[in-house]
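The numbering used here numbers the first residue of the sequence shown as -2 and each following residue consecutively.
Note that beta-carbon positions come from the ideal geometry of N, C-alpha and C, so glycine has one too.
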Amino acid sequence: MTGREGEALTRVLGARSAGPLAKLDLVTVGDLLRHYPRRYGDPGTLTDMDRLALGEHVTVMARVARATVRTMRSRAGAMLQAVVTDGRHELALTFFAKRAGALRPHEDKLRPGRVGLFTGVVSEYRGTRQLTHPDYVLVGVDADDAEEAMFEASRPIPIYPASSSVPSWRIQRAVRTVLDPLTEGDVEDPVPPEVRARHGLPSRLDALRAIHHPVDQDAWQRARHRFRFEEAFVLQAALAQRRAHAAEQEATARPLRGPGEPSLLADFDEALPFTLTDGQRSVGEDLAHELAQARPMQRLLQGEVGSGKTVVALRAMLQVVDAGGQAALLAPTEVLAAQHARTLRALLGPLAEGGLLGGAAHGTRVALLTGSLGAAARKEALLQAAGGEAGIVVGTHALLGDQVQFADLGLVVVDEQHRFGVEQRDALRAKGRVAPHVLVMTATPIPRTVAMTVFGDLETSSLTQVPAGRAGITSHVVPAGNPRWMERTWSRVREEVDKGHRAYVVCPRIHPDEDLPAGGGAAAKDFDDVPDLLELMDGDAAGASDRPPLRAVLEVADMLRETPALAGLDVGVLHGQMTPADKESAMARFAAGDLQVLVSTTVIEVGVDVPEATVMVVFDADRFGLSQLHQLRGRVGRGSAPGLCLLVSTAQPGTPAATRVEALAETTDGFRLATLDLELRSEGDVLGAAQSGRSSSLRLLRVVQDADLIADARREATALVDADLELGSHPELRAAIEAQLDDEQEEFLERA
Ligand code: ADP
Ligand code: MG
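The following block contains the structure:
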């Protein structure tokens, strides 16, 4: 590395200044330079000194009258007090430091007689107006003349992510100390000049100056744009390399059996009680083709809730088993893993009873491997995986454990991707002797740019159709405060139950007297019933304080047992604090119709399949993420009777929260909802939920709003990597990718 960004701040700034910065994880010059301002303060126009209002951000032109450094008696440290004047009024300037020496630079500059511009927030101390740690520009020191001083003082003021021990102004000083002496040769630019030219982007050094010390708003905006591009570009180059390397990796080809040969897949298709949708068939053909290659398949399958992804995945798994390999299916929770194992066994019937009496002669076995298995069951499952008797092994991330060996792992299927990142995919991939094929499935539709950012190493397929014969679902918003609407809600539930149907009632919390959302307590070991609650949005904050507390399962179940419209019905509960046996029994009784109303947390979000359930009431719907609500309501209307979803909302009309729930009621387009949902969230949230390792390298990039920029960066990066896979002629880009991978690796290790 030729640039100076790798240099330690202790060397450049000295241990005393660098020490506090290390608390913000700013250790190298590069760390500090990438610590971008969160926003910019308005320097404001010149203020008359006889109009200094308390609490106001002001800029005054004045002359230094005197300046003195004192050590403080009351607390450790030193203080510099200066007084500036316009000839008629006086204003105090105060600077604090741990040691008198740290105030020396100010003392040197603030000499009596010097004129300058002073900017800060007006406070009062013992009847005197003062500015604490003001920014200032001195004529003849920081600026040649008054005009230049005015110009300097009119610049936007960078405001940094800071902490109480390291305030923003201190970071600003450190940045300037580091940045000011740098020249083009000191800064490595991962974006090559020709790419910059094509997109009208400033050099990295120019952009650093503009983002940390902008002339005006336009300057920092252009700089931000450039860094967003850089982030997208480096990421896309890394992903392009990953794709290219993966394509060079060897995999075992798992071709389809020929006609007449014994085949689990053929037998399964034969026994299938329904016909595949066109989408299932065509995605199936793509998968069959890719599995037959000696290159690892890397595919993301997105499909609406209920679009039939499981069958598609199972058919791919059977092709691999037919060809002598094994398949692993990863689910995000133990409950889902267990349900998957049950579903697969049920779908396979005798085909999953290989080696058992009555099983198909060429049948295989489905093994379930989760963290909570008893020792004996675990040993049995491990043996089946290692010996190859189990063609299909289902589990949670426990499958990533070192103890789990496969005889010949040919395919990894990851269900509900959002809780598995690239590293986890890599870890599993490393389990095969050669790279296994990988299929990642998601029911949360992912906008194109998110897919490009987070899953840029995967090709994408979609299932857009839902199998025929589904009656669909209607949704309505119910204002919680309206007793007539609430009454009507329960009588609708009653009507459905009287037709032989069943109802879900969903609440965000378990106990009314616990403050935490469901699953938020220490007891939560699974993701099962963690509601995806939105933080209050800016616009929602109004009226937030007089919002009623979130509804709780236990309280609502008691309330429903007393509700006249539901008299005589059996109301059950389901939540994450119940024992597995109690959960099973509640689900079984609901499925059998012994319970007609099930009050539950979001534990039912994924995968629960009771075709008789036709109505769902969601309390505090305005507080849930849209995607999660969409998943939730996918639990009803799965049979031939139409589904009804009643979204009980406490949102005031006209607030963003109200708009959100209305959007949900109006559309069943999961793709649109996912996009809307993402727009409401921070990037950290999006990427954190989708793929944790990426957040550190993306500081400014916004995966939803920056769609076009990401597409541009992807095109440029892919072209570059195609022409020069190892980036031999782009050492700066290569270094940036390596630095990013190091970060990811570190985070992965920290989490492991
Ligand atoms: P998801 O995509 O949400 O995982 P599933 O694979 O669980 O959906 O499928 C939902 C339900 O639809 C299951 O009960 C499944 O057996 C059924 N199913 C899948 N494909 C079809 C089809 N082509 N025709 C009818 N029902 C189907
Ligand atoms: Mg599924």
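Pull up the distance between the alpha-carbon of residue i and that of residue j, whole angstroms please.
i    : j    : result
P102 : R108 : 11 angstroms
K95  : A243 : 54 angstroms
L345 : F265 : 7 angstroms
R375 : E191 : 57 angstroms
E227 : R170 : 25 angstroms
T7   : L551 : 56 angstroms
Q336 : P577 : 12 angstroms
A404 : L253 : 20 angstroms
L673 : T461 : 19 angstroms
E258 : G321 : 13 angstroms
P653 : A73  : 48 angstroms
A733 : V231 : 7 angstroms
V318 : T361 : 8 angstroms
A716 : Q238 : 11 angstroms
P329 : V409 : 14 angstroms
V718 : R731 : 10 angstroms
A382 : D555 : 46 angstroms
L341 : A349 : 8 angstroms
M147 : G124 : 29 angstroms
F92  : A79  : 9 angstroms
G407 : R240 : 19 angstroms
Q400 : D177 : 54 angstroms
R787 : A229 : The question about residue 787 has no answer, for the chain in this structure spans -2 to 749.
G0   : A432 : 37 angstroms
G398 : G352 : 27 angstroms
V435 : P509 : 43 angstroms
A549 : E484 : 19 angstroms
S304 : F587 : 24 angstroms
V373 : A564 : The sequence given here has Ala at residue 373, not Val. Straight-line Cα distance between these residues: approximately 46 angstroms.
G11  : T129 : 25 angstroms
A364 : E386 : 9 angstroms
Y133 : G113 : 7 angstroms
D705 : L697 : 15 angstroms
A216 : P464 : 53 angstroms
F621 : L629 : 10 angstroms
So does residue i have its beta carbon nearer than 6 angstroms to some heavy atom of ligand 1?
i    : result
T274 : yes
A440 : yes
P464 : yes
K306 : yes
G300 : yes
F271 : yes
G303 : yes
Thinking residue i and residue j are a contact (beta carbons under 8 angstroms), I'd like their distance in whole angstroms, please.
i    : j    : result
A562 : S488 : 5 angstroms
G388 : A324 : 7 angstroms
V280 : G631 : No, V280 and G631 are not in contact; Cβ-Cβ is about 19 angstroms, not under 8 angstroms.
V633 : S646 : Actually they do not touch by this definition, with Cβ atoms about 18 angstroms apart.
L179 : L202 : 6 angstroms
E713 : P187 : With 8 angstroms as the limit, E713 and P187 do not qualify as a contact, their Cβ atoms being about 12 angstroms apart.
M613 : V475 : Actually they are not in contact, since the Cβ atoms of M613 and V475 sit about 12 angstroms apart, beyond 8 angstroms.
The stretch 14 to 26 / the stretch 85 to 95 touching (three or more Cβ pairs under 8 angstroms): no
Three or more C-beta pairs below 8 angstroms linking the stretch 219 to 231 and the stretch 284 to 299: no
The stretch 203 to 213 contacting the stretch 392 to 400, beta-carbon criterion three pairs below 8 angstroms: no
Validate contact between the stretch 614 to 627 and the stretch 578 to 592 using beta carbons, cut 8 angstroms, 3 pairs: no
At least 3 beta-carbon pairs within less than 8 angstroms: the stretch 493 to 510 vs the stretch 658 to 675: no
Any beta strand (DSSP E) of 3 or more consecutive residues that is wholly inside the stretch 352 to 392: 362 to 366 and 387 to 392
Uninterrupted alpha helix (DSSP H) stretches inside the stretch 117 to 193 (no shorter than 4 residues): 143 to 150 and 165 to 176
At least three beta-carbon pairs within less than 8 angstroms, the stretch 306 to 319 to the stretch 637 to 644: no
At least 3 beta-carbon pairs within less than 8 angstroms: the stretch 58 to 73 vs the stretch 29 to 40: no
Contiguous alpha helix (DSSP H) assignments of at least 4 residues, all confined to the stretch 588 to 674: 623 to 630 and 653 to 663
The stretch 51 to 58 touching the stretch 117 to 136, judged by at least three CB pairs closer than 8 angstroms: yes
In chain order, each alpha helix (DSSP H) run of at least 4 residues that lies wholly inside the stretch 86 to 122: 101 to 106
Within the stretch 210 to 254, ranges of the alpha helix (DSSP H) (whole runs, at least 4 residues): 214 to 245
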